[in-house]
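Working notes, structure below.
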Amino acid sequence: VIAEVHGIATAAGCQLVASCDLVVAAEEARFATPGVKIGLFCSTPMVALSRAVGARRAMEMLLTGEAIPAREALSAGLVNRVVPAGELAAATRALAAKIAASSPYVVAIGKAAFYRQLQMPQPLAYDYAQDVMAANAAAADAQEGMKAFLEKRPPKWCGR
1 VIAEVHGIAT AAGCQLVASC DLVVAAEEAR FATPGVKIGL FCSTPMVALS RAVGARRAME
61 MLLTGEAIPA REALSAGLVN RVVPAGELAA ATRALAAKIA ASSPYVVAIG KAAFYRQLQM
121 PQPLAYDYAQ DVMAANAAAA DAQEGMKAFL EKRPPKWCGR
């Protein structure tokens, strides 16, 4: 899931952004969890935000309620790319097209493995990643990808 942010993403909007896989934002975009200013701590946005930007940065956003600009969100890890507003849609679609050019099967298993390993202690995550890599290497799309690379041609994905 790729978020495309034009303006300000506050509270649940910021939570939605933090929950996405990738985020492209316009230079003018801002991000905030302002609930504290009206007596409502942004407790559900806190969950996704703290996982996206880390504890200290999330805590500052949650306790102050202040909006951060797109460039700051980029350096905090909340956003992947910041582009001029006029290029936002094209930049988002270009990112999606790069991903869509890969095997849908491999993208799906990679995305699932990424999120699953985050919940594991590091030694278990490495064991799990090795299992995923072995299963992936045996997949038809992996075989096609390696063959296409050696033959210097684009791969023809089958989705397996």
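The opening residue of the sequence shown carries number 1 in this note's numbering; numbering runs sequentially from there. Think of the CB as a built atom: it goes at the ideal place given N, C-alpha and C, for glycine as much as any other residue.
If contacts are defined as beta-carbon pairs under 8 Å, then residue i and residue j qualify, I think. What distance do you get, rounded to the angstrom?
{"i": "Gly77", "j": "Val106", "result": "At roughly 24 Å, the Cβ-Cβ gap does not stay under 8 Å, so Gly77 and Val106 are not in contact."}
Under DSSP, the alpha helix (DSSP H) around residue i begins and ends at which residues?
{"i": "Ile8", "result": "Careful: Ile8 lies outside any alpha helix (DSSP H), inside the beta strand (DSSP E) at Ile8 to Thr10."}
{"i": "Glu72", "result": "Ala70 to Ala76"}
{"i": "Ala55", "result": "Ala55 to Thr64"}
{"i": "Phe41", "result": "Where Phe41 is concerned, there is no enclosing alpha helix (DSSP H), given that its DSSP letter is neither H nor E."}
Can you give me the Cβ contacts of residue i inside the same chain, cut-off strictly under 7 Å, excluding the 5 residues immediately before and after it?
{"i": "Ala48", "result": "Gln15, Ala18 and Ser19"}
{"i": "Leu88", "result": "Glu4, His6, Val24 and Ala26"}
{"i": "Ala148", "result": "Pro154 and Pro155"}
{"i": "Met163", "result": "Residue 163 lies beyond the residue range present for the chain, which begins at 1 and ends at 160; the question has no answer from this structure."}
{"i": "Glu66", "result": "Ala32"}
{"i": "Val136", "result": "In the sequence under discussion, the amino acid at residue 136 is Asn, which differs from the Val named in the question. Around Asn136: Val106, Ile109 and Ala142."}
Check this for me: beta carbons of residue i and residue j, under 8 Å apart or not?
{"i": "Cys158", "j": "Asp141", "result": "yes"}
{"i": "Val36", "j": "Leu74", "result": "no"}
{"i": "Ala113", "j": "Ala129", "result": "yes"}
{"i": "Glu144", "j": "Lys156", "result": "yes"}
{"i": "Arg71", "j": "Val82", "result": "yes"}
{"i": "Ala12", "j": "Pro45", "result": "yes"}
{"i": "Arg116", "j": "Pro69", "result": "no"}
{"i": "Ala139", "j": "Arg160", "result": "yes"}
Counting only the same chain and skipping the five closest in sequence on each side, list residues whose C-beta sits under 6 Å from that of residue i.
{"i": "Leu22", "result": "Ile2 and Asn80"}
{"i": "Ala58", "result": "Leu49 and Ser50"}
Terminal residues of the continuous beta strand (DSSP E) containing residue i?
{"i": "Leu83", "result": "The amino acid at residue 83 is misidentified as Leu; the sequence shows Val. Note, Val83: beta strand (DSSP E), Arg81 to Val83."}
{"i": "Glu4", "result": "Ile2 to Val5"}
Any C-beta of chain D sitting closer than 8 Å to the C-beta of residue i?
{"i": "Ala140", "result": "As a matter of chain content, chain D is missing from the structure shown, which is built from one protein chain."}
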